[in-house]
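Numbering (the working numbering), first residue to last: 3 to 486. Let me begin by presenting the structure, written as structure tokens, before commenting on it.
If you want it as structure tokens, here you go:
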């Protein structure tokens, strides 16, 4: 796999970024392209490791055959590289941009050295395939006569719809917003993934016979019961969208918002759409000239940081209740698992002030408007330490501490009492369905993605969509050739 001595001879290289002072002036992607030869050299670093943990249980959730397509890229066979990659991943241009790459953490080379630049190679394979015309519609040779409805057009819904369409079923995707893509379109900023990548996949799927019905809020505009009566199977991929409640005093002040209305309306601005969203209605929120505080330490919080800087925020402070992690991990004790270590996102590197092991005690305001955030240090059990209180000036505050389950309206409301809900270890309320057949407690209704497993990654959503499609195909036809 790759060049036998490549990992000894070639240094790791990934996409470089535009300088922060340049990239905060726009909302476009800011990674600088690498040449084919540079990518081929990175693929050469993939060594013949014997047991490739990169696509094992702790690595890639969709089990991308990483050593195989690294070897193909190293040898200049980009055409077969995309064929191999597509055999496990419908949308490598998505994961090549926004996946945190657990495969690289699990890379065998990472145990003693620096891992192979797997994510960089994956993105390059997908982008080159578009340039060379290798990504085009692949309609089924024959139709089955079966009809399947998919509720939600995020990565789980898209992956399932494409797989089911290619199996020959008539597939209709219902999306409440004006364009497909779910929170991948409306929640993730364009500086991480430009939305034309979603658009061209939608065009491919339409060419394969998949139909998209946008502006239809199932459970509100169209009853779930109507879909269950009119289709042979219905797959619910509504995502995990209910913000986890923070219960911080003063959260009703003007200037305090959940993260999603802020991110969604800015994505709609960039996309040339009116800012009002079906799921996330809000008046205009602009951080220009403001002192901003972001509560939370995850990806959504980081997206708020990057968006605020691009809107012209004067200062952005990010509060994380967790302790500051070490700069480096003890690889012998954690590999091949995801390591807890200090990580700085591109948004944080643009100038965010980060406070660790800090709790948000109260939002402070005057005349109903936010003026500051009262905080304190916490101990290892996240209990406040007396005498450590301090106040950060704030004109805007965004709460980004995760999601606690599917939207309360729509499908969940219509099927309340009929569709079983379970609570996971994170206290998230998810639709009950196992990961073997993805069947819910409602006949003919399946569930996949974050709505079933809770808040997770795009790559996990793709996996669940593919597996649910296989289960549905097998249930409708008695057997299936779709892969898990």
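We treat Cβ as the ideally placed atom computed from N, Cα and C, and that holds for glycine.
Query                                                                                                                                                                     : Result
Are the CB atoms of residue 466 and residue 451 nearer to each other than 7 Å?                                                                                            : yes
Grab me the residues of residue 155's own chain with a C-beta within less than 7 Å of its C-beta, minus the 5 sequence neighbours each way, in chain order.               : 175, 177, 182, 183, 184 and 214
Can you look up residue 86 in the DSSP assignment and give me helix, strand or coil?                                                                                      : helix
With C-beta atoms as the reference, is residue 17 less than 7 Å away from residue 122?                                                                                    : yes
I'd like the list of long-range same chain contacts for residue 373, defined as Cβ closer than 8 Å, with 5 residues on each side in sequence excluded.                    : 366, 367, 395, 396 and 397
Is residue 239 closer than 7 Å to residue 159 when the C-beta atoms are compared?                                                                                         : yes
Report the option in 258, 269 and 247 whose CA atom is closest to the CA atom of residue 195.                                                                             : 269
Return the chain-ordered list of same chain residues with a C-beta closer than 7 Å to the C-beta of residue 65, the five sequence neighbours on each side being excluded. : 57 and 90
With DSSP as the reference, please indicate the residues paired to residue 364 in a beta bridge.                                                                          : 376
Does DSSP put residue 69 in a helix, in a strand, or in coil?                                                                                                             : helix
Would you mind reading off the limits of the beta strand (DSSP E) that contains residue 423?                                                                              : 423-425
Are residue 203 and residue 172 touching if we call contact CB-CB under 7 Å?                                                                                              : no
Quick check: what's the CA-CA separation for residue 454 versus residue 237?                                                                                              : 11 Å
Would the stretch 104-121 count as touching the stretch 475-485 if we require 3 or more Cβ pairs under 8 Å?                                                               : no
Counting only the same chain and skipping the five closest in sequence on each side, list residues whose C-beta sits under 7 Å from that of residue 460.                  : 96, 97, 100, 101, 157 and 186
If I measure Cβ to Cβ from residue 356 and keep anything under 6 Å in the same chain, skipping five residues before and after, which residues do I get?                   : 320
Quick check: what's the CA-CA separation for residue 250 versus residue 361?                                                                                              : 10 Å
Does the beta-carbon distance from residue 46 to residue 12 come in below 7 Å?                                                                                            : yes
Give the DSSP bridge partners of residue 386, in chain order.                                                                                                             : 380
In the DSSP assignment, the beta strand (DSSP E) including residue 199 goes from what residue to what residue?                                                            : No beta strand (DSSP E) holds residue 199; the alpha helix (DSSP H) holding it covers 198-209.
Locate the beta strand (DSSP E) running through residue 259, then write down its first and last residues.                                                                 : 258-260
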